[in-house]
Each structure stands twice: as structure tokens, then as C-alpha cells.
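Each remark here refers to the structure printed beneath this line.
Protein chains: 2
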Amino acid sequence: MSEPPEDWWPEVRPDAARRLMAAAVESFASRGYHATTTRDIATAAGMSPAALYVHFPAKSAVLFAISRSGHERTLQMVRTTMAEHDDPVDAMRVLVERFVAWHAKRHMIARVVQHELDALTPEDHQVVLELRRATENLVRDLVTSGVDAGVFTVPDVRIAARAILSLGIDVARWYSPTSKPAPEVLGKQYAELVLSMLGHGVRRREPH
Amino acid sequence: MSEPPEDWWPEVRPDAARRLMAAAVESFASRGYHATTTRDIATAAGMSPAALYVHFPAKSAVLFAISRSGHERTLQMVRTTMAEHDDPVDAMRVLVERFVAWHAKRHMIARVVQHELDALTPEDHQVVLELRRATENLVRDLVTSGVDAGVFTVPDVRIAARAILSLGIDVARWYSPTSKPAPEVLGKQYAELVLSMLGHGVRRREPH
Numbered sequence: 000m001s002e003p004p005e006d007w008w009p010e011v012r013p014d015a016a017r018r019l020m021a022a023a024v025e026s027f028a029s030r031g032y033h034a035t036t037t038r039d040i041a042t043a044a045g046m047s048p049a050a051l052y053v054h055f056p057a058k059s060a061v062l063f064a065i066s067r068s069g070h071e072r073t074l075q076m077v078r079t080t081m082a083e084h085d086d087p088v089d090a091m092r093v094l095v096e097r098f099v100a101w102h103a104k105r106h107m108i109a110r111v112v113q114h115e116l117d118a119l120t121p122e123d124h125q126v127v128l129e130l131r132r133a134t135e136n137l138v139r140d141l142v143t144s145g146v147d148a149g150v151f152t153v154p155d156v157r158i159a160a161r162a163i164l165s166l167g168i169d170v171a172r173w174y175s176p177t178s179k180p181a182p183e184v185l186g187k188q189y190a191e192l193v194l195s196m197l198g199h200g201v202r203r204r205e206p207h
Numbered sequence: 000m001s002e003p004p005e006d007w008w009p010e011v012r013p014d015a016a017r018r019l020m021a022a023a024v025e026s027f028a029s030r031g032y033h034a035t036t037t038r039d040i041a042t043a044a045g046m047s048p049a050a051l052y053v054h055f056p057a058k059s060a061v062l063f064a065i066s067r068s069g070h071e072r073t074l075q076m077v078r079t080t081m082a083e084h085d086d087p088v089d090a091m092r093v094l095v096e097r098f099v100a101w102h103a104k105r106h107m108i109a110r111v112v113q114h115e116l117d118a119l120t121p122e123d124h125q126v127v128l129e130l131r132r133a134t135e136n137l138v139r140d141l142v143t144s145g146v147d148a149g150v151f152t153v154p155d156v157r158i159a160a161r162a163i164l165s166l167g168i169d170v171a172r173w174y175s176p177t178s179k180p181a182p183e184v185l186g187k188q189y190a191e192l193v194l195s196m197l198g199h200g201v202r203r204r205e206p207h
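Same order as they appear, the protein sequences are chains A and B.
Residue 19 in numbering that gives the first Met the number 0 sits at position 20 of the first sequence, with consecutive numbering throughout.
Residue 149 in numbering that gives the first Met the number 0 sits at position 150 of the second sequence, with consecutive numbering throughout.
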């Protein structure tokens, strides 16, 4: 179910930078950020330590590139989904499907990004926190628009938005390449649970 | 909102062992398990490295003691809650309130336990996985009993149980001593969201 590492960052150029980021994810995941050296990353990517410095000034810059890319793509996905769907129920369903499938497929990256937030420099951390806030605000707006339209009922919009994101993010903690169901199926099941959580009455029952 | 470390493991004796566990949580949380030495832990607890070995044979034994205690107490809480409440709705409400408040209050321990699962020895890891499975099975049984009683409607009992636990566990990821609302209030709000997620129609609205 996992994608090959070279597909993780289609936007990153050149290939060498992408290969270093993939090698870093695997090293950070297996031995932790602090115990990983730039030499470990370079070696895992089949390069010399000097070659790493051509692309990244420091180990934390590799971590930041991984973290920023993940958060930017999530924000972009949420924006795109909301632009594609006027109906809050449709938008929420598709958003959760995509968000959950994303975290299931890229569970290794997401885990590294979560665990090592504190290892970012304060400036880099700030960038990531702002991307998170932007994503959370959009989800909150979507819950609010559903409440305003009378299709969602929640005790607290802020807590509901937090819970929706939480459900998706936590998938990365427990999902593994042998987990069932497949990321897209899990996404559909979670979307149904979330709509129900938001007090949306219509419950679809589809075979899966 | 956080409890003082000495209250984290009321069942652990002697005090020195409890102090070492608290020092280990803070060290693992701040610099990661791999970068922490037994000397760091002993020093943080105001002891000599030799004194640590009186209580724990190795660094991983401290981690295991922390992890086992957390998982045992969670399992015990779920068991107690289910024994106290015959009604599946009441049992689920109280279970989520307690589970969420627990993860909010002890977010630092819960984070260490989650992040460093892979650092346990295979035997210790197995013990923890079995405690988790036992907890998850109880939650699944509770969802099933609600479905059988006609008060819950879910597309998939296993996925619903996973989502309930996931929501609670992920609280430890984002909760901090400055977070709002207070752990118990968050627990009540999440309980309401979970009952709704489980298709339970009655929605209580209480001022908070």
C-alpha cells in the first residue's frame, strides 16, 4: 500500500535532493532524528557527505524540507477539496477520505514529521505551525459552514475540527504496510464516521 | 493541568524507582530515548548511575516500566468503567471522558510511550501489544453491545473502535499544559462527539 519513496515528493528537484529526503525519512524512522548523522543519510542515499551539503546546509534542513512539503501538500489538498465542493457535506466527505488515505499511505513520513517537530529550528518550526494553523482554520470554516447550513450539529466547532484532523493524523501512528483496509477504503469509512460525528443524519451503507 | 510527576505512578515502589521513571520521561521527551543515557536519567533523579541499576537493569527496562504501567492502567480503567455501567451509552460516555482526560493530563508520558515503542525489547514490546489488544477488544465489545442493543449504528465495528481509541490517544500529541479546555471538559466534549459518531441520536447540550 505504501508508495515508493521516489513518489513522495514529486515537486522536489533535483532527484538527488529527493533521494536524500527519502533516505532521511528511513533513517529518522529507524533510529531517530538525534541518532542519525548527515553521513548516515548521505550513505543511505548512495552519496558522499559533501554531496548532501550541496542540497541541504544541515541535517535539520532535510527534516524541514520533509516537514514543510508534507504540511504544504496537506494544506493544498484541503484548499483544492473545498474549492471543488460547494456542499459542506460533500466537501467534508472528500476531505476526510483524502486526508486519511494520505496519512495511511505516507505513514512513515507523517510519523517522522510528528515525532521530530521539536528538532526543527525555531524559525522552521514557526513555518510549520503556520501551515498547520492555516489547515486547521480551513477545516474549522468548513464545519462552521455546515453548521450554518443546518447540516452539521456540533457542541464546539473548534473541538470538532481538532477531532477531525486528529483522527486522520493518528492513522499514521498505527497504519502499517500490512494494515487493512487499503488507504482509500479506510478513508471512506472514516469519512462516514466523521459525518456522523458532525451530526449529519444521512448514513450511507455501501458494500466494501 | 498536568499532574506532578510523583503522582504518575502511585503503584510504583519504592519512591526512588518512581523518581527515576519521572526523570526518564522528562529526559526521553526532551532529547529522545536514543540520545538519553542511564547517567542522564540518574542525574536528573538526583542519584548515581549505580543507584539506577538497583532498580532497573537497563535503560530499556525504565522505558518498559513506564510503558507497561500506562497500558495496564488504561486497560484497568476500561474494565472498571464497563463493570460500572450496564448501559452501552453510559459506559461509552464515561470511558471516552476518562480516556481523553487521561491522555490530556499525562500527555508527556503518553507521547514518550508512543514514540519509543520500537525501542522496547521484542519480549517487552509483546507485553505492551497484548495489553493494547486487550483494551481494543474491550472497546470493540462495547461498540458491539451498543449495536446489538440498537443504540449504536456503525459501518464497521473494528474501525469504529479504532477511531475511538485513536481520538483519545492523539490528544496526547497536541495537548500541552496551556491547552484549553481542561482535561475533564475536553473528555466530556469528545464523549459527545464519539456518541454522535456511533450514531447515537440523543445529543446533550450542556453549558461548559
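The beta carbon of each residue, even a glycine, is placed where N, CA and C say it ideally should be.
* Would you grab the beta carbon distance between A/L19 and A/A103 for me? Rounded to a whole angstrom, and I think it's under 8 Å. => Their Cβ separation, rounded to whole angstroms, is 25 Å, which puts A/L19 and A/A103 out of contact at 8 Å.
* **Counted within 10 angstroms of its Cβ, other Cβ atoms place B/S219 as buried (16 or more) or exposed** => Residue numbering for chain B in the displayed model covers 0 to 207; residue 219 of chain B lies beyond these limits and cannot be assessed.
* Under three-state DSSP, which class holds B/L166? -> helix
* Any chance the segment 83-96 of chain A sits against the segment 8-25 of chain A, with 3 or more Cβ pairs inside 8 Å? -> no
* Asked: Hey, would you say B/A190 sits closer than 8 Å to A/Y189, going by beta carbons?
  -> Contact: no.
* To do: Give the C-beta separation of B/R97 and B/M76 to the nearest angstrom, bearing in mind that I take them to be a contact with Cβ-Cβ under 8 Å.
  => 6 Å
* **Rounded Cβ spacing between B/S195 and A/S195 (contact assumed at less than 8 Å)** => 6 Å
* To do: Taking A/L192 as the query, report the chain B residues whose CB atoms sit under 8 Å from its CB, ordered along the chain.
  => V153, P154, I158, A159, A162 and M196
* To do: Taking A/I237 as the reference, give the member of B/K187, B/T120, B/L62 and B/F55 with the closest Cα.
  => This structure gives no information on residue 237 of chain A, because the portion of chain A shown stretches from 0 to 207.
* Any chance the segment 46-61 of chain A sits against the segment 144-158 of chain A, with 3 or more Cβ pairs inside 8 Å? -> no
* Chain-ordered chain B contacts of A/H33 [CB-CB under 7 Å] -> R30, G31, H33 and A34
* **Buried or exposed (CB count within 10 angstroms, at least 16 for buried), A/L197** => buried
* To do: Answer with yes or no whether the minimum CB distance from B/R92 to chain A is below 8 Å.
  => no
* Give the interface partners of B/Q188 over in chain A, defined as CB-CB distance under 8 Å, in chain order. => P154, D155 and I158
* Asked: Around the C-beta of A/R172, are 16 or more other C-beta atoms found within 10 angstroms, so that it is buried, or is it exposed?
  -> Under this definition A/R172 is a buried residue.
* Could you confirm whether any beta carbon from chain B is found closer than 8 Å to the beta carbon of A/D169? => yes
* **Cβ of B/H84 within 8 Å of any chain A Cβ** => no
* **chain A contacts made by the segment 87-116 of chain B, where a contact means CB separation under 7 Å** => Q113 and H114
* Are A/E135 and A/A100 touching if we call contact CB-CB under 8 Å? -> no
* Where A/E122 falls, given that 16 or more other Cβ within 10 Å makes a residue buried -> exposed
* Could you pull out every residue in the same chain whose Cβ sits closer than 7 Å to the Cβ of A/L192, ignoring the five residues on either side in sequence? => Non-local beta-carbon contacts of A/L192 in its own chain, meaning distances under 7 Å to residues more than five positions away in sequence, are absent.
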